[in-house]
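Residue numbers (this note's numbering), protein chains in the order written: chain A, -15 to 95; chain B, -15 to 95.
The beta-carbon is built from N, C-alpha and C at its ideal position, and this holds for glycine as well.
These figures come from a predicted structure and were not determined experimentally.
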DNA sequence: TTCCATATACTAGAATGTAGAACATAAGGT
DNA sequence: ACCTTATGTTCTACATTCTAGTATATGGAA
C-alpha cells in the first residue's frame, strides 16, 4: 500500500487554494489579498512568499517571471501555478479530515 | 465585526475532530489510534499528547482523570472533551478553507 | 533625478508538528 | 511475593511551519 502521505499545513493549504482559484492571475500580491479576504485577517506578504517558496520547493507549484515591462510601473510579477502533486496533496489533506469529520454535526458554516 | 479569528493547525484540527468523534470514549491511546487510521500513517503517542495539551491550554478542550480502577489493568485514563471554543475554532478554520475551495473542482475525494 | 507605487527577497523568532524514551499502574501466573 | 505483560500517560528535544518586519528591485511620473 503506498508511502505515507504528505499533508499540508493549514496556511499551505489556504495559499495553494488561493493560487488555484486565481488561475492565470496568481502572483504574490494578489495571492496575499485573496488569502486575506478568505481568512478575514491581515496576512503579511512575507508570510505568503515564504509559504509559496516552500510549496514550490516541494513541487506542489511552479513559478515563472511575468512580462519584463508591466503596464503601469513596478517590478515584474512572478506568477504561480499549482502542479499535479499539489492537487494530490490537497486531496490527501482533505481526505484525512473528511474521514474524521464525516457525519459529525458541529454546526458547519455552509457557505 | 470582531477580533481576528484563531485558526487551527492541520494536526490540531485532526486531533480535535478525533476527540469529537470518540465522544465519551476519548482518551489518549484511543485518540491516537483514531488519528492514525484517518491519516493512514503512524502517529506517535507523544505527538498526540503534546497537541492535546496545547489545545487544552488554549481552552479548546478539557480533560479529567478516569476511573481509578480500570477493568483489565493499566494506568487510569485521562479523558478529553471538546469545549465550545473548540467547536468555534473548528468552524472558523473550515470557513476560511470553504471560502476558497468553494466552486473549485480539483477532484475531491468525496468519502 | 527624486518620489511614488507595485512587487519580490530575506531574516528571525514564535508556534506547531513529531518522535521516542521514561514513568505509572494494575492483572495474572507461578 | 515477584516478575511479566498490557495499558496508558508524561517529559523532553528537535524539526518544520507560521508570521511579521525590513530591505531590495523596478518602472512611471512629477
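Do residue i and residue j have their C-beta atoms within less than 8 Å of each other?
i             : j             : result
residue 76(A) : residue 11(A) : no
residue 45(A) : residue -4(A) : no
residue 6(A)  : residue 70(A) : no
residue 80(A) : residue -2(B) : yes
residue 67(A) : residue 43(A) : yes
With respect to the beta strand (DSSP E) encompassing residue i, which residues constitute its N-terminal and C-terminal limits?
i             : result
residue 63(B) : 62 to 66
residue 46(A) : 45 to 49
Cα separation between residue i and residue j?
i             : j              : result
residue 26(B) : residue 17(A)  : 37 Å
residue 50(B) : residue 60(B)  : 6 Å
residue 30(B) : residue 34(A)  : 28 Å
residue 95(A) : residue 87(B)  : Here residue 95(A) scores only 39 on pLDDT, less than 50, and its place in the model should not be relied on; the value that follows carries that caveat. About 11 Å.
residue 8(B)  : residue 65(B)  : 8 Å
residue 23(B) : residue 57(A)  : 47 Å
residue 47(B) : residue 37(B)  : 9 Å
residue 89(A) : residue -7(A)  : 24 Å
residue 63(A) : residue 84(A)  : 35 Å
residue 82(A) : residue 13(A)  : 31 Å
residue 19(A) : residue -12(B) : 14 Å
May I ask you to list the residues that DSSP assigns as paired with residue i?
i             : result
residue 33(A) : Bridge partners of residue 33(A): none, in fact.
Span of the alpha helix (DSSP H) holding residue i?
i             : result
residue 14(B) : 12 to 23
residue -1(B) : -6 to 6
I need the DSSP call for residue i, collapsed to helix, strand or coil.
i              : result
residue 70(B)  : helix
residue 76(A)  : helix
residue 56(B)  : coil
residue -13(A) : coil
residue 88(B)  : coil
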